[in-house]
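J.: The number in our numbering is simply the position in the sequence shown, starting from 1, with 3 added.
Don't be surprised by glycine CBs; every beta carbon is placed ideally from N, CA and C.
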Amino acid sequence: MSTRAYAVRVAEGPGDREACFAVRKEVFVGEQGIPEDLEYDAQDADAVHVLAVREDGVPLGTGRLLYGEAAAAKTGDAAVGSLGRLAVTPEARGLGVGAALVRAIEEAASARGLTAVDLHAQTRALGFYERLGYEPYGPEFPDAGIPHRAMRRVL
4 MSTRAYAVRV AEGPGDREAC FAVRKEVFVG EQGIPEDLEY DAQDADAVHV LAVREDGVPL
64 GTGRLLYGEA AAAKTGDAAV GSLGRLAVTP EARGLGVGAA LVRAIEEAAS ARGLTAVDLH
124 AQTRALGFYE RLGYEPYGPE FPDAGIPHRA MRRVL
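1. Less than 8 Å between the C-beta atoms of A8 and L68, yes or no?
2. Helix, strand or coil for L158? Go by DSSP, reduced to three states.
3. Starting from the C-beta of A10, find all residues in its chain whose C-beta is less than 8 Å away, skip the five residues before and the five after it, and write them out in chain order.
4. Kindly confirm or deny that the region 77-89 and the region 108-125 touch, where touching means at least three C-beta pairs closer than 8 Å.
5. Evaluate contact between the region 69-78 and the region 94-108, counting only Cβ atoms and requiring at least three cross-stretch pairs below 8 Å.
6. How is M4 classed by DSSP in three states: helix, strand or coil?
7. Terminal residues of the continuous alpha helix (DSSP H) containing D80?
8. Can you grab the Cα-Cα spacing for the pair Y137 / M154, in whole Å?
9. Which residues in the same chain have their Cβ closer than 7 Å to the Cβ of V32, if we skip the five residues on either side of it in sequence?
10. Using a Cβ-Cβ cut-off of 7 Å (strictly less than) and excluding sequence neighbours within five positions of E72, which residues of its own chain qualify?
11. Locate the beta strand (DSSP E) running through V51, then write down its first and last residues.
12. Could you tell me the distance, in whole angstroms, from the CA atom of A103 to the CA atom of P142?
13. To the nearest angstrom, how far is the alpha carbon of G16 from that of A22?
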């Protein structure tokens, strides 16, 4: 375990996957009111999920990486991964968990030979991603009724 009070890892096994889904349910479904049938999709099965957990095992955050055909369908380029479903619990906000999750997803993308990572950021989160090196492109668009912008970071 690092010097921080949490660890970030690639989710392995059904327990980790359930923890990822629980964080997403708390943040996206509970806080933001996104319908569950929009939050979970068939891409979850093949995505790389990352999980942040407190030292006592309590989940603090999650995110996922789509790659291959699933990512190409979103990014238009099989060499570009798609970061999504980044969620941090209220208790963990401001601790660097979100940035650590993004970096773990980027590491997973690099390990798969991807050259860049795209994401669809809620417009209120643009500054967060810009601080991590992502650049917005294209017009604003709605996703689940929330304004978003596409962003990319070359790895």
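T.: According to the structure data:
1. On the sequence shown, position 5 is the one that residue 8 refers to. On the sequence shown, position 65 is the one that residue 68 refers to. Result no, Cβ atoms of A8 and L68 do not sit closer than 8 Å.
2. Taking the first residue of the sequence shown as position 1, residue 158 is located at position 155. Note: L158 maps to coil in three-state DSSP.
3. Along the sequence shown, read from residue 1 onward, the residue named residue 10 stands at position 7. Result list for A10: M4, A55, V56 and E58, in chain order.
4. yes
5. no
6. Along the sequence shown, one-based indexing puts residue 4 at 1. Residue placement at M4 is poorly supported in this model, since its pLDDT is 37, which falls under 50; the coordinates still yield a value, given next. Coil.
7. Counting from one through the sequence shown, the residue named residue 80 turns up at place 77. No alpha helix (DSSP H) holds D80; DSSP gives it neither H nor E.
8. Taking the sequence shown and counting its residues from 1, one reaches residue 137 at position 134. Taking the sequence shown and counting its residues from 1, one reaches residue 154 at position 151. Spanning the two alpha carbons is a distance of roughly 6 Å.
9. Residue 32 sits at position 29 when you count from the first residue of the sequence shown. Cβ within range, chain order: E39 and E42.
10. Within the sequence shown, numbered from 1, the residue matching residue 72 stands at position 69. Within the same chain, E72 has no close Cβ partners at all.
11. Along the sequence shown, one-based indexing puts residue 51 at 48. Unbroken beta strand (DSSP E) run through V51: V51 to R57.
12. The residue given as residue 103 occupies position 100 in the sequence shown. The residue given as residue 142 occupies position 139 in the sequence shown. Approximately 27 Å, taken between the alpha carbons.
13. The sequence position of residue 16 within the sequence shown is 13, counting from 1. The sequence position of residue 22 within the sequence shown is 19, counting from 1. The straight-line gap from Cα to Cα measures roughly 10 Å.
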